[in-house]
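J.: Got a structure for you, questions after.
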Amino acid sequence: MKDVTFPEVYLATKSVLIESFEPGTLVSKYTLERTLKVPTGSAPISRRLRQYIVCRGEDIYLKMLLVDNLMHADLHPGNILVTDNPPGMALIDLGMVARLTPQESDIYVGLLHAMGAGDGEAAARCILKFAEEQACDDAAGFEEAMSAFFKASCKGYNTGVKFGEVVRGLLQIVRRFRVTIDANYMVIITNALCLDGMAGSLLPSFSVLDAAQPLLQAHKWLPPWLFRASLPLMHVLKGVQESIMLSAEENDADYSRPRTASHGPGGPLRRSV
Numbered sequence: 001m002k003d004v005t006f007p008e009v010y011l012a013t014k015s016v017l018i019e020s021f022e023p024g025t026l027v028s029k030y031t032l033e034r035t036l037k038v039p040t041g042s043a044p045i046s047r048r049l050r051q052y053i054v055c056r057g058e059d060i061y062l063k064m065l066l067v068d069n070l071m072h073a074d075l076h077p078g079n080i081l082v083t084d085n086p087p088g089m090a091l092i093d094l095g096m097v098a099r100l101t102p103q104e105s106d107i108y109v110g111l112l113h114a115m116g117a118g119d120g121e122a123a124a125r126c127i128l129k130f131a132e133e134q135a136c137d138d139a140a141g142f143e144e145a146m147s148a149f150f151k152a153s154c155k156g157y158n159t160g161v162k163f164g165e166v167v168r169g170l171l172q173i174v175r176r177f178r179v180t181i182d183a184n185y186m187v188i189i190t191n192a193l194c195l196d197g198m199a200g201s202l203l204p205s206f207s208v209l210d211a212a213q214p215l216l217q218a219h220k221w222l223p224p225w226l227f228r229a230s231l232p233l234m235h236v237l238k239g240v241q242e243s244i245m246l247s248a249e250e251n252d253a254d255y256s257r258p259r260t261a262s263h264g265p266g267g268p269l270r271r272s273v
């Protein structure tokens, strides 16, 4: 991802860390302005930049999960800088990262597959593997509760699944059945909620789960070497999926206000792969 950068480390000791300066605007300025109506003094964010932030943000999350097995441990909008011309992102504050084992990545991706299939029992079985030592003493009850929850709230791809609400709902069930979740899984889940919250602020009709479908399906069916080789094509398919979803924004009254009229002559921002 040529348009995504990290600060370069110049000096690192136990008490001092010196890094390169990264230009840009914190994404949190835009999310605060739109969600809480907090005045930031920044120019109104254009629709094309909102699209870039959300779509590229999900690209980054999926690459860390599916390819790198290394996850930024605090990936909220206050740790993401964005530039408009040319479009680019910088991730900052990497003081903590989660190193995922292939098994951890596969188990969590299994949960996403279960959400895409609307299969609550499969989701429950994945979550029960989120800890090496599981404290839950009613696995059958947990699976039953998850199945009922999914039938009501998570029916699979292209059914209007509200990803953040589903994750928060399943976490309530996790708490009720005292299911243990190890730290690395909580990092992945927390980042997913941050991504969904950012999308909800900037592009309310964007579905995090539906947009991820091409990459998740390819990861499921292709061997690792072929999945990596096909990433450019998968990103093209993901872009098509995003375009279909984002077309719904065109008639959204909130986005027809003057503050979003400055799309610029270049049209939608293109993302390098």
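If you read the sequence shown in full-length UniProt numbering, its first letter stands for residue 1, the second for the next number, and so on. Even glycine gets a Cβ: it sits at the ideal position worked out from N, Cα and C. Keep in mind it's a predicted model, so treat the numbers as computed, not measured.
#1: Assign residue 274 to buried or exposed, taking buried as 16 or more other Cβ atoms, counted over all protein chains shown, within 10 Å of its Cβ.
#2: Take the Cβ of Q103 as the centre, count every other Cβ of all protein chains shown within 10 Å, and call the residue buried at 16 or more, exposed below.
#3: Should E132 be labelled buried (16 or more other beta-carbon atoms within 10 Å of its own) or exposed?
#4: Quick one: any contact between the region 60–80 and the region 147–163, if contact means 3 or more CB pairs under 8 Å?
#5: So, helix, strand or coil for L11, using DSSP?
#6: May I ask you to report which of helix, strand or coil DSSP gives H76?
#7: Is it buried or exposed for V16, if we count other Cβ within 10 angstroms and need 16 for buried?
#8: How do the region 11–25 and the region 161–175 stand: do at least 3 beta-carbon pairs fall below 8 Å, yes or no?
#9: Give, in chain order, every unbroken run of the alpha helix (DSSP H) that is at least 4 residues long and sits entirely within the region 198–243.
#10: Tell me which same chain residues have a C-beta within less than 7 Å of the C-beta of D74, skipping the five on either side of it?
#11: Cα-Cα, which of H113, P39 and V208 is closest to V161?
#12: Using alpha carbons as the reference points, say which of R228, G197 and A218 lies closest to L36.
#13: Grouping DSSP H, G and I as helix and E and B as strand, with all else coil, what is I188?
#14: What is the DSSP secondary structure of I18, reduced to helix, strand or coil?
#15: Rounded to whole angstroms, what is the Cα-Cα separation between G78 and L26?
#16: According to DSSP, simplified to helix, strand and coil, what is L32?
#17: Looking at N184 and A114, is the spacing between their C-beta atoms short of 9 Å?
T.: The relevant details are as follows:
#1: The structure shown does not extend to residue 274, since the chain spans only 1 to 273, so no value can be given for it.
#2: The residue given as residue 103 occupies position 103 in the sequence shown. Q103 is exposed by the Cβ-count criterion.
#3: The residue you call residue 132 lines up with position 132 of the sequence shown. When all chains shown are included, E132 counts as exposed.
#4: no
#5: Your numbering for residue 11 matches position 11 in the sequence shown. Residue state, collapsed to three classes: strand.
#6: In the sequence shown, counting from the first residue as 1, residue 76 sits at position 76. Three-state result, H76: coil.
#7: Residue numbering aside, residue 16 sits at position 16 when the sequence shown is read from its first letter. Its Cβ having fewer than 16 others within 10 Å, V16 is exposed.
#8: no
#9: 208–221 and 224–229
#10: The sequence position of residue 74 within the sequence shown is 74, counting from 1. D93 and M96, listed in sequence order.
#11: Walking along the sequence shown from the start, residue 161 turns up at place 161. When only C-alpha atoms are compared, the closest one is V208.
#12: Translated into the one-based positions of the sequence shown, residue 36 becomes position 36. With distances taken between Cα atoms, L36 lies closest to G197.
#13: As a working note, residue 188 is residue 188 in the sequence shown. Here I188 sits in helix by DSSP.
#14: As a working mapping, residue 18 is identified with position 18 in the sequence shown. Strand.
#15: One-based indexing of the sequence shown puts residue 78 at position 78. One-based indexing of the sequence shown puts residue 26 at position 26. When rounded, the distance between both Cα atoms is 6 Å.
#16: On the sequence shown, position 32 is the one that residue 32 refers to. Looking at L32 - three-state DSSP - the assignment turns out to be helix.
#17: Counted from its first residue, the sequence shown places residue 114 at position 114. Counted from its first residue, the sequence shown places residue 184 at position 184. Cβ distance not < 9 Å, so A114 and N184 don't count as in contact.
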